[in-house]
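All remarks here apply to the structure that follows.
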Amino acid sequence: MGHLTDTKGKQRVILIGVVIFIIVSSLYNVAFSVTLLLILRVVNGIAFSAMSTANGAAAADVLPKSRLSEGLGFYFLGLAAATAVGPALGIYIVENLGFNMFFVFALVMNVLELLVVLFFDYEKKNNGQKEAEEKKKQKFDINNYFEKTAIRPAIVMVLVALSNGSVISFMTVFGSTRDIGNVGLFFTVYALAVIASRFAIGKLIKRFGVTKTLTPAMILCGSAFIMLAFTYNLPMLIAVALAYGFGNGVITPIISIIVFRRSPSDKRGAANGTLYAALDIGIGLGAFLW
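Quick note: the sequence shown uses this note's numbering, first residue 266, plus one each step.
If you want it as structure tokens, here you go:
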């Protein structure tokens, strides 16, 4: 998806992703077999990959270099808000209106998203586009699909996502094992902590720099896991959610900022694709290993 973003244009890739989302959302209500449902989920994942890769690259393009950190902080704030509101809203719709209305609601949201994409121009008019046009004529080159400047940050992202995958997958089981009730509150507090961190990240980086902001965030995440080992009640679990949410909420945007700062303007799609591939690998391995 990164290569397509760099060669075909960000808005076009986003548009294709939204259209696929609309098609898939309209088919969920007629998916009467597990096989068809799994196929739809795979296609849905492809669309999400296209949109997430192109959206991040587009955000980096339209932001002035002097305000890249602050701007991406607000971009990731939107992602955090959606992550916090989406699951709760989805559960509410399913419990009160049923799955059919849930899928109708998802379809309506995707149509609204399409209207937004059609009325905004995500493309950056610069010399990088000319370079990207030349690359369209090149033969297959693996370097067009991965950005080498993003490899080291991507390795860090894999390690961060490994822990995140374990938390997402097994926190409910952990609460049951330790006889902690209302474990769902962990995810609510975690999401709020992430949102709070995204408000602060721009100012933190502006004042302390990338390294001095990233290092304490990693220490905070590590401390959260140490706290988790000694957690046997809900107040302690909430404290873990605060620490892990704030730390993790800072780490992900900073790694993205590092990637976009280092990557050439015409390879931001490939760079973001490399980073998101690392994120997905880490979450998947985390859920499997732990």
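The beta carbon of each residue, even a glycine, is placed where N, CA and C say it ideally should be. Quantities reported herein were computed from a predicted structural model and do not represent experimental measurements.
Three or more Cβ pairs closer than 8 angstroms define a contact, and the region 425–440 falls short of that threshold against the region 292–300. The residue from Ala542, Leu362 and Leu502 with its alpha-carbon nearest to that of Val423 is Ala542. Linking Arg332 to Gly474 through their CA atoms gives a straight-line distance of about 13 angstroms. Distances from the alpha-carbon of Asp444 to those of Gly351, Tyr497 and Lys532 put Tyr497 closest. Remark: three or more beta-carbon pairs, one from each stretch, lie closer than 8 angstroms, so the region 275–293 and the region 364–378 are flagged as touching. Excluding its 5 nearest sequence neighbours in each direction, Leu479 has C-beta neighbours in its own chain below 6 angstroms: Ile519, listed in chain order.
Per DSSP, reduced to three states, the secondary structure at Asp326 is helical. By the C-beta density criterion, Ser334 is buried, having at least 16 other C-beta atoms within 10 angstroms. Scanning Gly321, Thr300, Val289 and Ser317 for the CA closest to the CA of Val308 turns up Val289. Taking the Cα of Cys486 as reference, the smallest distance to any Cα among Leu493, Tyr509 and Leu550 is reached at Tyr509. Proximity of the region 335–347 to the region 458–471 meets the contact definition, three or more beta-carbon pairs being nearer than 8 angstroms. Sixteen is the threshold: since fewer than 16 other Cβ atoms of the shown chains lie within 10 Å of the Cβ of Ser298, the residue is exposed. Nearest C-alpha to Gly514 among Glu360, Leu457, Phe490 and Thr318: Leu457. Ranked by how close their Cα comes to the Cα of Ile522, the residues Phe385, Gly363 and Leu540 have Leu540 in first place.
By the Cβ-count criterion, Tyr455 is buried, with 16 or more other Cβ atoms from all chains shown falling within 10 Å of its own Cβ. A distance of 9 angstroms or more separates the beta carbons of Ile356 and Ala315.
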